[in-house]
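Down below is the structure, laid out as structure tokens.
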Amino acid sequence: MSDVLVVGAGIIGASIAYHCAKAGAKVHVVDNDGIGKGASGKSFGWINASFAESDAYFALRHKAIDEHRALARELDIDQTTQWNGCIWWEDEGNDFWDQARELTRRAYPHEIIETDKIHQLEPNLAGPPAHAILTKHEGAANGTGLSNALLANVIAGDGKVSTDTKVLGILRDGENVVGVKTNKGDLFADNIIIAVGAASETLLATAEINLPMDNQRGIILQTTPTKPLINHIIMSTDVHFRQDPDGRFTMGEIFSGGGLNDAIDKDVDAFAARMLARLHARLPAAKDVEISHIHQGLRPVPKDGFPAIGAIGGLYVATMHSGITLAPLVGKMAAQEILHGHTEKMLAEFRPNRFA
Ligand SMILES: Cc1cc2nc3c(=O)[nH]c(=O)nc-3n(C[C@H](O)[C@H](O)[C@H](O)COP(=O)(O)OP(=O)(O)OC[C@H]3O[C@@H](n4cnc5c(N)ncnc54)[C@H](O)[C@@H]3O)c2cc1C
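When we follow our numbering, the leftmost residue of the sequence shown carries the number 1226, and every step to the right adds one.
Structure below.
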């Protein structure tokens, strides 16, 4: 019997497990598949607070960036998290300036840079735009790598991770949740954490808990490696890309929207070829790289677009988009709430019982 049983070994479950174990709890993590194989392994991984649909959500994301840096120092993981900043011009014209004004209103550190400066920062970029937004403090993380690093620490302590273990339902003794039923038998714990990302609605329904999700499909591509060609995360109008420490590019088109889903449904290979052509056009020096991996993922998105984090029906739930950005902070806050009954004020707007 463990103190904490975490269902889901994506970046959110891994971070909650890590912080609970660090606080001295005996932790068991179970996953249907493997570590970081869900959305966390199919993500662009941009750590940012450039976009947030409410000020409370912005505050959470902004604080999460600091927590990411602290975690990266703590785990000594420079291969999974890079801090090279972002150059953004996904929108042009009025939309670009609206975004710049919004960042100023929120006092988010940024700089408007012009063609010469963009060229100076990224000499290999063809046709730099007239203006872009530079956010020097942003970064990117490899979700699978970070999940593995977090859980390696759990295992190195008193913890345990069981893969290929599917949770089928929640076990109760009267009103109290006491454990979970899995394909490998029943497991019992004092605290049950549901961090199953896009599968949240289905699994919680077995416990008659309503958490409506509006999960969105997304596609991320990786290329063959080449020599270092860019220094920042590049978010341009038609393709976003970053170069990993191993020389590969990770890239995608847009963060949401029907167009992307249609493109995936119609022809994944044609979509990948189109993205590669855009990368080659933006970065002619990368003309020899080819697509090596195509990752089709499901973004976990609660129905209203905001995270769902907190206690409900005897369980503790954590599911959200932008989980790569939020995981270090959410894991730390969740551990405080789970183990010490603390109520984190910053999470007040994101409780799962808003859907009850
Ligand atoms: C294409 C794409 C691009 C993205 N880009 C960004 C970005 O740039 N920045 C950012 O911050 N976020 C981004 N995201 C979102 C981010 O990746 C997710 O929010 C985050 O990975 C969610 O982590 P998670 O641990 O909640 O879910 P997951 O990583 O999906 O983990 C959930 C785990 O639960 C397991 N599971 C499910 N059901 C069960 C069950 N019944 N029993 C046991 N285990 C179960 C699964 O196997 C899985 O391993 C992107 C996502 C996608 C798909």
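Virtual Cβ for every residue (Gly too), placed ideally from N, Cα, C.
Member of the options whose CA lies at the smallest distance from the CA of residue i
| i | options | result |
| --- | --- | --- |
| residue 1238 | 1296, 1271 and 1418 | 1418 |
| residue 1306 | 1297, 1520, 1312 and 1518 | 1297 |
| residue 1415 | 1535, 1376, 1295 and 1404 | 1404 |
| residue 1435 | 1581, 1277, 1514 and 1529 | 1581 |
| residue 1234 | 1544, 1471, 1420 and 1283 | 1420 |
| residue 1423 | 1300, 1226, 1232 and 1227 | 1232 |
| residue 1529 | 1556, 1573 and 1439 | 1439 |
| residue 1523 | 1378, 1264, 1559 and 1240 | 1264 |
| residue 1571 | 1544, 1534 and 1565 | 1534 |
| residue 1542 | 1513, 1295 and 1428 | 1428 |
| residue 1513 | 1397, 1369, 1474 and 1494 | 1474 |
| residue 1575 | 1527, 1563 and 1242 | 1527 |
| residue 1577 | 1544, 1299 and 1497 | 1544 |
| residue 1248 | 1563, 1467 and 1573 | 1563 |
Contacting residues, own chain, Cβ-Cβ under 6 Å from residue i (five flanking each side not counted)
| i | result |
| --- | --- |
| residue 1431 | 1394 |
| residue 1308 | 1364 |
| residue 1346 | none |
| residue 1338 | 1357 and 1359 |
| residue 1471 | 1450 |
| residue 1304 | 1470 |
Heavy atom of ligand 1 within 8 Å of residue i beta-carbon
| i | result |
| --- | --- |
| residue 1212 | Nothing about residue 1212 can be read from this structure; the chain reaches only from 1226 to 1581. |
| residue 1545 | yes |
| residue 1236 | yes |
| residue 1271 | yes |
| residue 1552 | yes |
| residue 1477 | yes |
| residue 1257 | yes |
| residue 1448 | no |
| residue 1294 | no |
| residue 1229 | no |
| residue 1527 | no |
| residue 1305 | no |
| residue 1520 | yes |
| residue 1360 | no |
Residue environment, residue i, which counts as buried when at least 16 other CB atoms sit within 10 Å
| i | result |
| --- | --- |
| residue 1319 | exposed |
| residue 1448 | buried |
| residue 1381 | exposed |
| residue 1634 | Residue coverage of the chain in this structure runs from 1226 to 1581, which leaves residue 1634 outside it and unanswerable. |
| residue 1532 | buried |
| residue 1292 | buried |
8 Å CB neighbourhood of residue i in its chain, flanking five on each side removed
| i | result |
| --- | --- |
| residue 1286 | 1273, 1274, 1277, 1547, 1550 and 1551 |
| residue 1515 | 1448, 1449 and 1501 |
Residue i at chain C interface by Cβ criterion, 9 Å
| i | result |
| --- | --- |
| residue 1461 | Looking at the structure shown, chain C is missing, and only one protein chain is on hand. |
Residues near residue i by beta carbon distance below 7 Å, same chain, minus five either side
| i | result |
| --- | --- |
| residue 1240 | 1375, 1552, 1553, 1555 and 1556 |
| residue 1372 | 1234, 1235, 1236, 1239, 1260, 1261 and 1265 |
Margin query: Three Cβ pairs or more, each shorter than 8 Å: is that satisfied between the region 1467 to 1480 and the region 1432 to 1446?
Written below: yes
Margin query: So, does the region 1364 to 1375 touch the region 1266 to 1280, judging by three or more C-beta pairs under 8 Å?
Written below: They touch, by the three-pair rule.
Check: When the Cβ atoms of the region 1458 to 1470 are set against those of the region 1312 to 1331, are three or more pairs found closer than 8 Å?
Finding: yes
Check: Can you find at least 3 beta carbon pairs, one from the region 1380 to 1392 and one from the region 1252 to 1263, that sit closer than 8 Å?
Finding: yes
Notebook entry, point to check: Hey, is the region 1546 to 1555 in contact with the region 1498 to 1513, meaning 3+ C-beta pairs nearer than 8 Å?
Noted result: no
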